[in-house]
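Respectively, the protein sequence lines represent chains A and B. Numbers 1167 to 1401, taken from our numbering, label the letters of the first sequence in order. Numbers 10 to 313, taken from our numbering, label the letters of the second sequence in order. Working notes, beginning with the structure itself.
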Amino acid sequence: MFPGVSFVIEMHDVWKVYPNGVEALRGVDVRIDQGEFVYIVGPSGAGKSSFIKLMYREEKPTHGIVLINGVNVKRVRDWKIPHVRRKIGVVFQDFKLLPNMTAYENVAFAMEAVETPKRKIKPRVQEVLELVGLSDRMHALPSQLSGGEQQRVAIARAIVNNPSFIIADEPTGNLDPENSWDIMYLLEEINKFGTTIVMATHNKEIVNTMRQRVIAIEQGVIVRDELGGEYGYED
Amino acid sequence: MGMKIETMMRHFREAYRGVRRNSWMSFAAVSAVAVTLFIFGLFLITAFNVRYMAGELEKQVAIRAALSPSMTGAQERQLTEQIQQLPGVKNATLIPKNVGLRQMRDEWGPGGEQLFKDLDGEGQNPLPDIITVEPTDPKNVESLKKQIENFGSDKIERVEAGEGVTDKLLNFSSMLRNIVLIFGLGLAVLAAFLISNTIKLTIIARQREIEIQRLVGASNWFIRWPFFIEGAFIGLVGAIFPVVIVLTIYQVFYNVLGAGEAAAILKLMPVVSLGIYVTISIFALGVAIGTIGSIISVRRFLKV
Chain A
1167 MFPGVSFVIE MHDVWKVYPN GVEALRGVDV RIDQGEFVYI VGPSGAGKSS FIKLMYREEK
1227 PTHGIVLING VNVKRVRDWK IPHVRRKIGV VFQDFKLLPN MTAYENVAFA MEAVETPKRK
1287 IKPRVQEVLE LVGLSDRMHA LPSQLSGGEQ QRVAIARAIV NNPSFIIADE PTGNLDPENS
1347 WDIMYLLEEI NKFGTTIVMA THNKEIVNTM RQRVIAIEQG VIVRDELGGE YGYED
Chain B
10 MGMKIETMMR HFREAYRGVR RNSWMSFAAV SAVAVTLFIF GLFLITAFNV RYMAGELEKQ
70 VAIRAALSPS MTGAQERQLT EQIQQLPGVK NATLIPKNVG LRQMRDEWGP GGEQLFKDLD
130 GEGQNPLPDI ITVEPTDPKN VESLKKQIEN FGSDKIERVE AGEGVTDKLL NFSSMLRNIV
190 LIFGLGLAVL AAFLISNTIK LTIIARQREI EIQRLVGASN WFIRWPFFIE GAFIGLVGAI
250 FPVVIVLTIY QVFYNVLGAG EAAAILKLMP VVSLGIYVTI SIFALGVAIG TIGSIISVRR
310 FLKV
């Protein structure tokens, strides 16, 4: 969404050890540049979720450094974290929509949360809902929308505040193949505007067809990081 | 923290939704606050009045030195002058016995005329001439009394001071204050706990909203504000009833006591000035309890 504005995430020797002793990540080094499309693959419990949570500062590294645009997230004061998060949009497998709000309200909610003036909210929400192809469904409640439509609302919400970076945690995990592809085309479209996309997935077909950068994590370690890579696992 | 009016309105709406959503729990919290503040209010009017009465009494505290009958008028005036010069003396006044008798008769009221008639003649007055000494600070009464006694028993027969009453009143008032503090604190903790519980319910009900607000980068204060407002609002609403009831009770009490004989002895604080103190105190405490209650919950259950 900001062509030319670079937004880089770097990790240097990052470890994540949970209080119960589980070593989710063990010495991860990675750099993701502005405009990239990256798949994170690996078996369940390999550390993909921890990897992703470190990127939007839901978790702090136990050891090592996570740099978001050169800023060490561990050192960022608590009150500044929201400003870091405004540069990042997050999409989940279960959509996380507010059930008592319409599609329009769900998207507008994200703009209200960052204190956008009211007059700017309506045109922008309509714009992104059009982008995700839901102009005609904007007054429907989530329960009246299909899974694919719900995920598109969630994507609209993730991009409405113009983030430089989208993190998607298994965004197609709950969708049938057709809807999954719709979502992928949409993410690809968003990526073309210059927004970085990092997507954790178990969908072999998608990864193998799209041929983007693939980072494979196993037992907390990056075992593969290749451009135009393949899924590399049997389901 | 420059907050836009639009955002502020939103926080108020959100807080109101919170109260509505947990209406029963909010009602319970409001009631607990109301009971706490009612008891607090009763203590408050008692404590204020005891202080007030003590203050009034302090003003009346004076040392009375009864002079020896052998002293001449000139000697008496000279002694008054000397006492006036002592440090800590605000005022020393010579009251000859005929003036003293008249004062006594006046204080006695209507029946006094007959009673004192026979004492008024020459050589009949049993009272001594006295010097009343008003100290600058009631605490000095004891030391002043000693100094006056030191002028010698040839000049001064005896010295009296009404120090006991004020001391007792002041002791009583500080004891009362401690009871209020301890008892009130216990009640306040209980009320704050109840408020924190309703806030907790709101936080749980809004968990997903909060999660999304955090994800999209809402500031911590943006997320917290509605909860503080909700707590303060519960405290504020809980303060309305106690203020009304406590002040009504006091007005009735004041009217009853003020009308009768008791008014002369029990000087109650005027309703208006007490009312201002009590209203401000109760509302302030209500809002404080509410805000503390929400802080407890926000700190424990709201991860930002």
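Cβ atoms here follow ideal geometry from the backbone N, Cα and C, with glycine treated the same way.
Where residue i meets chain A, residues with beta-carbon distance less than 7 Å
| i | result |
| --- | --- |
| residue 13 of chain B | 1281 |
| residue 29 of chain B | Result: empty, since nearest Cβ-Cβ is about 14 Å, beyond 7 Å. |
| residue 16 of chain B | 1281 |
| residue 231 of chain B | 1279 and 1281 |
Residue i versus residue j - alpha carbon distance
| i | j | result |
| --- | --- | --- |
| residue 1167 of chain A | residue 1333 of chain A | Confidence in residue 1167 of chain A is poor, its pLDDT being 41 and thus under 50, which makes the residue's placement too unreliable to answer from. |
| residue 239 of chain B | residue 28 of chain B | 7 Å |
| residue 103 of chain B | residue 136 of chain B | 13 Å |
| residue 1235 of chain A | residue 35 of chain B | 45 Å |
| residue 280 of chain B | residue 167 of chain B | 41 Å |
| residue 73 of chain B | residue 298 of chain B | 50 Å |
| residue 1169 of chain A | residue 1322 of chain A | Unreliable positioning characterises residue 1169 of chain A in this predicted model, as indicated by a pLDDT of 44, which lies under 50. The coordinate reading is nonetheless provided below. Each residue's alpha carbon lies about 19 Å from the other. |
| residue 25 of chain B | residue 209 of chain B | 15 Å |
| residue 198 of chain B | residue 1245 of chain A | 30 Å |
| residue 52 of chain B | residue 190 of chain B | 10 Å |
| residue 226 of chain B | residue 1355 of chain A | 24 Å |
| residue 59 of chain B | residue 44 of chain B | 23 Å |
| residue 101 of chain B | residue 205 of chain B | 60 Å |
| residue 245 of chain B | residue 41 of chain B | 12 Å |
| residue 163 of chain B | residue 79 of chain B | 8 Å |
| residue 1179 of chain A | residue 1194 of chain A | 5 Å |
| residue 1232 of chain A | residue 1291 of chain A | 32 Å |
| residue 260 of chain B | residue 148 of chain B | 33 Å |
| residue 1241 of chain A | residue 1220 of chain A | 13 Å |
| residue 1176 of chain A | residue 1387 of chain A | 15 Å |
| residue 31 of chain B | residue 56 of chain B | 36 Å |
| residue 1319 of chain A | residue 1295 of chain A | 7 Å |
| residue 201 of chain B | residue 287 of chain B | 20 Å |
| residue 1215 of chain A | residue 224 of chain B | 15 Å |
| residue 37 of chain B | residue 257 of chain B | 24 Å |
Integer Cβ distance of residue i from residue j, believed to fall under 8 Å
| i | j | result |
| --- | --- | --- |
| residue 343 of chain B | residue 248 of chain B | Because chain B is modelled from 10 through 313, residue 343 of chain B falls outside the range shown and cannot be assessed. |
| residue 85 of chain B | residue 76 of chain B | 6 Å |
| residue 1298 of chain A | residue 1352 of chain A | 6 Å |
| residue 1125 of chain A | residue 1173 of chain A | Examination of residue 1125 of chain A is not possible in this model, given that chain A is present from 1167 through 1401 alone. |
| residue 213 of chain B | residue 232 of chain B | Contact doesn't hold; Cβ gap of about 14 Å is too wide. |
| residue 1383 of chain A | residue 1213 of chain A | 5 Å |
| residue 141 of chain B | residue 99 of chain B | With a Cβ gap of about 11 Å, residue 141 of chain B and residue 99 of chain B do not count as contacting. |
Under 8 Å by beta carbon: chain A residues contacting residue i
| i | result |
| --- | --- |
| residue 32 of chain B | Result: empty, since nearest Cβ-Cβ is about 17 Å, beyond 8 Å. |
| residue 19 of chain B | 1278 |
Per-residue burial, residue i [other beta carbons within 10 Å of its own, 16 or more giving buried]
| i | result |
| --- | --- |
| residue 251 of chain B | buried |
| residue 1374 of chain A | exposed |
| residue 222 of chain B | buried |
| residue 10 of chain B | Only weak support exists for where residue 10 of chain B lies, its pLDDT of 49 falling under 50; the coordinates are left without a value. |
| residue 1197 of chain A | exposed |
| residue 1270 of chain A | buried |
| residue 196 of chain B | buried |
| residue 1380 of chain A | buried |
| residue 236 of chain B | buried |
| residue 364 of chain B | Since the first residue of chain B shown is 10 and the last is 313, residue 364 of chain B is not available in this structure. |
| residue 234 of chain B | buried |
| residue 184 of chain B | exposed |
| residue 1254 of chain A | buried |
| residue 1112 of chain A | There is no way to answer for residue 1112 of chain A, as the model of chain A reaches only from 1167 to 1401. |
| residue 1327 of chain A | buried |
| residue 1365 of chain A | buried |
Interface partners of residue i on chain B, CB under 8 Å
| i | result |
| --- | --- |
| residue 1327 of chain A | 225 and 226 |
| residue 1252 of chain A | 225 and 226 |
| residue 1284 of chain A | 15 |
Neighbour list for residue i in chain B, Cβ cutoff strictly below 9 Å
| i | result |
| --- | --- |
| residue 1275 of chain A | 218, 221, 222 and 225 |
| residue 1108 of chain A | Outside the displayed range of chain A (1167 to 1401) lies residue 1108 of chain A, so it cannot be described from this structure. |
| residue 1262 of chain A | 217, 220, 221 and 224 |
| residue 1249 of chain A | 226 and 228 |
Proximal residues of chain A, C-beta to C-beta of residue i below 9 Å
| i | result |
| --- | --- |
| residue 236 of chain B | Within 9 Å Cβ-Cβ: nothing; residue 236 of chain B doesn't reach chain A, min ~15 Å. |
Residue i Cβ short of 6 Å to the ligand ADP heavy atom set
| i | result |
| --- | --- |
| residue 1184 of chain A | The ligand content of the structure shown is nil, which means the ligand ADP is not present either. |
Closer than 7 Å at the beta carbon, the chain B residues around residue i
| i | result |
| --- | --- |
| residue 1256 of chain A | 224 |
| residue 1288 of chain A | Result: empty, since nearest Cβ-Cβ is about 14 Å, beyond 7 Å. |
| residue 1219 of chain A | Ordered by position in chain B, no residue passes the 7 Å Cβ test against residue 1219 of chain A, which lies about 11 Å from the chain. |
| residue 1305 of chain A | Going along chain B, no residue has its Cβ under 7 Å from residue 1305 of chain A, so there is no contact; the nearest lies around 20 Å. |
* If contact means a Cβ-Cβ distance below 8 Å, which residues of the segment 1226-1244 of chain A contact chain B? -> 1244
* **Selection of the segment 1331-1351 of chain A by Cβ proximity to chain B, strictly under 7 Å** => none
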